[in-house]
Amino acid sequence: MSKLEALTSAQAEVVRQMTVCNACRYCEGLCAVFPAMELRRAFDGGDADYLANLCHNCGACYYDCQYAPPHEFAINVPVAMAALRDETYARNVWPAAFAGAFARHGLWVTFAAALSVAVFVAGFVAANDPGALFAPVGGEGGFYRMMPHWAMAGLFGAAFVYAIAAIGIGVRRFWRGTDAQAVGWAEIWQACRDAASLKYLDGGGMGCMNAGERPETDRRRLFHHATFYGFALCFAATGLATVFHEFGAQAPYPLWHPVVVLGALGGVGLVVGPLGLLAERAKRDAAIATHTGMGAAFLWMLCLSGLSGMLLLALRDTAAMGLLLALHLGLVFALFLSFPYGKFVHGFYRFAALARYAHERRTRKVEAVD
Ligand code: SF4
Ligand code: SF4
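Position one of the sequence shown corresponds to residue 132 (my numbering), numbered consecutively onward.
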């Protein structure tokens, strides 16, 4: 069987469009996809997977394209790339039986969140008594009177390790499927910088063209940064809290404590960022809209996790603490379990594609897109 015969329909569409783009090359200054494309005379499925995950879905090439619909070539790179990206997640997922979870992500993540919150509420009641859920148990160690620290750390640590291991296996399959070579530390560092700044979401410098041909009205990059760095700050707060706990200082901590400051800043980012991204999604031009429900479900889970954490911080000395703690832990646990089977994986796939692009830039002397 030839490589072309082995293509999926999403790969075949990206290969078709990239073949037209490679003859045209009008968009070569917009992002990393076009310089990477120009290194190839023909495309196989692995090339298509790689280019699809290098695309940041800014939309700029659709508005610049003279071959976009209604032209008979029907070039719409953002839509073709987005469809193939979703397919790469499902094709490489571990375990393979969960491939369908991406298409039904909203449904199953809602079910997982509801079940998880219910289990935490039931667990708190079983471990204590029904009254404990509504009794003020603030002060140092208050959280751990509802659930012992060892149980909390063990459960969430195991869920997080499982999520990272599952994503790692999927990304490794993706990497091998694209015939990528080993990359060096300098290229990994370059990928870190490109990912941290969302360098290729700016449509070649004008900005992301989310809602139409006026990139200045878009705030996607800003809200994406708020989401990503909000998540990173919450993660840092959790890690720091573990260190303090080991040295005998038990949560909840006072408001000035670095754990609370990091967590509060992260919580604000996790509420504002996802809500902003949801609003930007609603404004997206229908011609390049690729909404599958997977992204929206992930954003709502992040937002609700951040919101429940902020509510817990505000009401931790009241009778609502027990119920809010169960709600927050239940949402975060479901979020962790959903990581390998939803939009969260896009960051890892895109990082791998950026590292490969940095490698190609260095070894094949591609000029950088500013
Ligand atoms: S998107 Fe359109 S204008 Fe841009 S390179 Fe491809 S064919 Fe040319
Ligand atoms: S990053 Fe933007 S300009 Fe580049 S291929 Fe994707 S949608 Fe087109």
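Just so it is clear, CB atoms sit at the ideal spot from N, CA and C, and this is done for glycine as well.
Since the model is a prediction, treat every value here as computed from it, not as a measurement.
Nearest-angstrom Cα separation, counted from residue j out to residue i
| i | j | result |
| --- | --- | --- |
| Met452 | Ser247 | 17 Å |
| Ala258 | Met277 | 8 Å |
| Cys434 | Gly440 | 10 Å |
| Arg304 | Pro226 | 12 Å |
| Pro471 | Trp387 | 35 Å |
| Asp310 | Gly177 | 7 Å |
| Gly382 | Asp217 | Just to set this straight, residue 382 is Ala in the shown sequence, not Gly. The alpha-carbon atoms of Ala382 and Asp217 are separated by roughly 40 Å. |
| Ala445 | Ala137 | 56 Å |
| Ala249 | Gly338 | 43 Å |
| Cys192 | Thr421 | 15 Å |
| Tyr488 | Gln321 | 10 Å |
| Ala326 | Cys196 | 26 Å |
| Trp316 | Lys330 | 19 Å |
| Leu238 | Arg493 | 43 Å |
| Thr139 | Phe229 | 19 Å |
| Leu485 | Leu286 | 33 Å |
| Tyr275 | Glu318 | 43 Å |
| Leu364 | Ala244 | 22 Å |
| Met149 | Ala179 | 8 Å |
| Ala173 | Ala143 | 12 Å |
| His236 | Ala205 | 29 Å |
| Ala427 | Gly190 | 19 Å |
| Ala266 | Phe251 | 16 Å |
| Val302 | Val224 | 8 Å |
| Arg447 | Glu159 | 54 Å |
| Thr358 | Met212 | 23 Å |
| Leu438 | Ala253 | 22 Å |
| Arg222 | Asp175 | 16 Å |
| Arg415 | Trp306 | 31 Å |
| Pro385 | Ala234 | 43 Å |
| Ala521 | Asp260 | Lying before the first or after the last residue shown, residue 521 is absent from the chain, which here runs from 132 to 501. |
| Ser133 | Arg147 | Caution applies to Ser133, whose pLDDT of 46 falls short of 50 and renders its modelled position unreliable; the value that the coordinates give is listed next. Between Ser133 and Arg147, the C-alpha separation is close to 16 Å. |
Simplified DSSP state of residue i, which is helix, strand or coil
| i | result |
| --- | --- |
| Asn259 | coil |
| Ile206 | coil |
| Tyr384 | coil |
| Cys339 | coil |
| Ala471 | A small fix is needed here, since residue 471 is Pro in this sequence, not Ala. Reduced to three states, the DSSP call for Pro471 is helix. |
| Thr373 | helix |
| Glu318 | helix |
| Leu444 | helix |
| Asp217 | helix |
| Cys189 | coil |
| His422 | coil |
| Met277 | helix |
| Gly379 | coil |
| Val224 | coil |
| Asp416 | coil |
| Thr241 | helix |
| Tyr198 | coil |
| Phe479 | helix |
| Phe174 | coil |
| Cys365 | helix |
| Leu138 | coil |
| Thr449 | coil |
| Tyr293 | helix |
| Cys434 | helix |
| Thr309 | coil |
| Arg156 | coil |
| Arg495 | coil |
| Phe233 | coil |
| Arg345 | coil |
| Asp333 | coil |
Contact belief for residue i with residue j at Cβ below 8 Å, rounded distance in angstroms
| i | j | result |
| --- | --- | --- |
| Gly461 | Phe429 | No, Gly461 and Phe429 are not in contact; Cβ-Cβ is about 17 Å, not under 8 Å. |
| Tyr194 | Glu344 | 5 Å |
| Phe291 | Phe467 | 6 Å |
| His490 | Gln312 | 7 Å |
| Ala141 | Ala214 | 5 Å |
| Val390 | Phe375 | 6 Å |
| Phe362 | Gly397 | 7 Å |
| Ala465 | Val240 | 7 Å |
| Cys152 | Val208 | 7 Å |
| Tyr181 | Val476 | Wrong, their Cβ atoms sit about 15 Å apart, outside the cutoff. |
| Gly394 | Ala368 | 4 Å |
CB contact below 8 Å: residue i versus chain C
| i | result |
| --- | --- |
| Leu485 | No chain C is present in this structure, which holds just one protein chain. |
Is there contact between the region 159-170 and the region 185-193, where contact requires at least three CB pairs shorter than 8 Å? yes
If you pair each beta-carbon of the region 354-365 with each one of the region 384-404, do three or more pairs fall below 8 Å? yes
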